[in-house]
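Enquirer: In my numbering, the protein residues as written are 4 to 295. Where a beta carbon is used, it is the ideal one built from N, C-alpha and C, also for glycine.
1. Nearest CA to the CA of residue 237: which residue from 23, 54, 55 and 87?
2. Cα separation between residue 177 and residue 153?
3. Is the Cβ-Cβ distance between residue 112 and residue 122 less than 7 Å?
4. On the three-state DSSP scale, how would you describe residue 60?
5. Who are the Cβ neighbours of residue 197 in its own chain at under 6 Å, not counting the five residues just before and after it?
6. Helix, strand or coil, according to DSSP, for residue 273 in the structure here?
7. So, with DSSP's three-state summary, where would you put residue 52?
8. With distances taken between CB atoms, is the gap from residue 126 to residue 221 smaller than 7 Å?
9. Whole angstroms are fine: how far does the CA of residue 145 sit from the CA of residue 214?
10. What residue range is occupied by the uninterrupted beta strand (DSSP E) comprising residue 32?
11. What are the boundary residues of the alpha helix (DSSP H) that includes residue 16?
12. What does the Cβ neighbour count give for residue 233, buried or exposed, with the cut at 16 atoms within 10 Å?
13. Just how far apart, CA to CA, sit residue 281 and residue 29?
14. Cβ of residue 54 within 6 Å of any heavy atom in the ligand SAM?
15. Alpha carbons only, please: which of 80, 142 and 22 is nearest the one belonging to residue 291?
16. In this structure, how does DSSP classify residue 177 when only helix, strand and coil are distinguished?
17. Counting only the same chain and skipping the five closest in sequence on each side, list residues whose C-beta sits under 6 Å from that of residue 225.
18. Just tell me which of 4, 27, 10 and 11 has its CA closest to the CA of residue 287.
19. Hey, quick one: how far does the beta strand (DSSP E) through residue 207 stretch, first residue to last?
20. Using alpha carbons as the reference points, say which of 110, 79, 89 and 108 lies closest to residue 99.
21. Grab me the residues of residue 4's own chain with a C-beta within less than 6 Å of its C-beta, minus the 5 sequence neighbours each way, in chain order.
22. Have a look at 107, 8, 136 and 18 and flag the residue whose alpha-carbon is nearest the alpha-carbon of residue 49.
23. To which residues of the same chain is residue 134 closer than 8 Å at the C-beta, ignoring the five residues directly before and after it?
24. Which of the three DSSP states, helix, strand or coil, is assigned to residue 75?
Right under this line is the structure:
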């Protein structure tokens, strides 16, 4: 029986584990090895690690956790969670069964991207979701924003801080007169012809044959917890402008007593630094729940 079983060993999960390990608690991390930012070669906006390969950040963090004798780490996929506070059980793909007094979901999220030929292959490389993470490196060049809904109006205005923006509605919504005027006032060009495909680095080929070249592209994928394991346990979900997430209170506890959630799966917006902070806070609150 571990004090805490953490499902997900990326940035949020490891940050939570560190707080617990330093309190000399027994922590099991179950990690499938699928970091959300595994396609990116550089991570930005994380103090002290700006410009570092995200795989290296994860490797160093994992190595540091390994110095604590109460860490147990298994490379496996969690399939199901059951039980209740002080008696949770997690079953994995390998057939193993693990037990913990507390449970933490740090599973991250899945990204449902616009169905455009060539976009998924460029995700994390020249197609991004966070301008704070990737906007600076575009050197104030031309930037395309691909709409997935009306929220693209906000995204286009924000991204315009980093370069000259063209908003592609791509059939996601029809902007009204007010929206058109607002975009024009902020220097955002509007393109309503749908995208046929993306080529080269960020070359947008429209259905009418025109080609528009950009330094980079942004879009807002639809998010959901990367695995339904928390929902299957009974944890409530919350709707966000970006999709769904696991509902958690200020202490990061879900609707199931003793089960907690942190990182991208339980907060918006998303970045490495915010995931680490959220994980650290979850770890502290998990420890306090074991004490008090």
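Expert: According to the structure data:
1. 87
2. 8 Å
3. no
4. helix
5. Only 173, 174 and 210 meet the Cβ criterion.
6. coil
7. Here residue 52 sits in coil by DSSP.
8. no
9. Across the structure, residue 214 and residue 145 are spaced so that their CA atoms are roughly 13 Å apart.
10. 30-34
11. Its alpha helix (DSSP H) spans residues 14-25.
12. buried
13. 20 Å
14. Among the components of this structure there are no ligands whatsoever, and the ligand SAM is therefore not found.
15. 22
16. coil
17. 115 and 246
18. 27
19. 206-209
20. For residue 99, the closest alpha carbon among the candidates 110, 79, 89 and 108 is that of 79.
21. 102.
22. 136
23. 161, 162, 164, 165 and 221
24. In the structure shown, residue 75 sits in a strand (DSSP, three-state: E or B).
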